[in-house]
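Residue numbers (the numbering used here): 1036 to 1192.
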């Protein structure tokens, strides 16, 4: 675990209809689901409440890019959501490539016997778990955090 920063992290999978949330323990042993937050004008406030409860070192927000790594229509939405989350909570936010996290989540749910239809309410949480576990594993194996930090808004001078 050389270079691993100890602390709880919250994984966030931003979607148009729902936001999946996951967390890990301070030692980054395991990412687990927390909840699915309906995407609305109160989504950020709910994530701020979750942050107060878990006191995370950082948020890890999925960055939806296509298979070639280029932006998609959802990329700017996720970036805007992440920046708003950082402004509201003052908790650092990292954007991490989420390619295949939702696909992996659906596959895991299918292999556990759930259909896509009866998994709708939890697939976003599972995608957040996949995303967060990837970020943790990357930091543990490389000694550097995954993704890129969302810039902190400049203080007025």
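Just so you know, even glycine gets a beta-carbon here, dropped at the ideal spot from N, CA and C.
Would residue 1160 and residue 1069 qualify as a contact pair, given that the criterion is a beta-carbon distance under 8 Å?
As a working note, residue 1160 is residue 125 in the chain shown. As a working note, residue 1069 is residue 34 in the chain shown. Yes, Cβ-Cβ distance for residue 1160 and residue 1069 is below 8 Å.
Cα-Cα, which of 1186, 1060 and 1165 is closest to residue 1116?
To locate residue 1116, count along the chain shown from 1; it is residue 81. The option with the nearest alpha carbon to residue 1116 is 1186.
Does the Cβ of residue 1123 have 16 or more other Cβ atoms within 10 Å, making it buried, or fewer, making it exposed?
Taking the chain shown and counting its residues from 1, the one referred to as residue 1123 is at position 88. That one is exposed.
If you run the structure through DSSP and keep just helix, strand and coil, what is residue 1094?
Taking the chain shown and counting its residues from 1, the one referred to as residue 1094 is at position 59. If DSSP states are grouped into helix, strand and coil, residue 1094 belongs with the strands.
Can you round the beta-carbon distance between residue 1179 and residue 1038 to whole angstroms, since I take them to be within the 8 Å contact cut?
In the chain shown, residue 1179 corresponds to position 144, counting from 1. In the chain shown, residue 1038 corresponds to position 3, counting from 1. Contact holds; Cβ gap of about 7 Å.
Among 1133, 1118 and 1040, which one has its Cα closest to the Cα of residue 1064?
Within the chain shown, numbered from 1, the residue matching residue 1064 stands at position 29. Considering only alpha carbons, the answer is 1040.
Using three-state DSSP, classify residue 1172 as helix, strand or coil.
By 1-based counting over the chain shown, the position of residue 1172 is 137. Correct three-state label for residue 1172: helix.
Rounded to a whole number of angstroms, what is the C-alpha to C-alpha distance between residue 1036 and residue 1060?
Locating residue 1036 in the chain shown gives position 1, counting from the first residue. Locating residue 1060 in the chain shown gives position 25, counting from the first residue. For residue 1036, the predicted structure reports a pLDDT of 46, less than 50, and the residue's modelled location is therefore unreliable. The matter cannot be settled from this model.
Tell me which residues share the same chain as residue 1190 and place their Cβ nearer than 6 Å to its Cβ, disregarding the 5 neighbours each side in the sequence.
On the chain shown, position 155 is the one that residue 1190 refers to. Annotation note: pLDDT 49 at residue 1190 (below 50); position unreliable, no value reported.
If you pair each beta-carbon of the segment 1089-1102 with each one of the segment 1070-1081, do three or more pairs fall below 8 Å?
no
Tell me whether residue 1119 sits in a helix, a strand or coil according to DSSP, three-state version.
On the chain shown, position 84 is the one that residue 1119 refers to. Residue 1119: helix per DSSP, three-state reduction.
Would you say residue 1070 touches the ligand ATP, meaning its beta carbon is less than 7 Å from a heavy atom?
Absence of the ligand ATP from the depicted structure is noted, as is the absence of any ligand whatsoever, leaving it without description.
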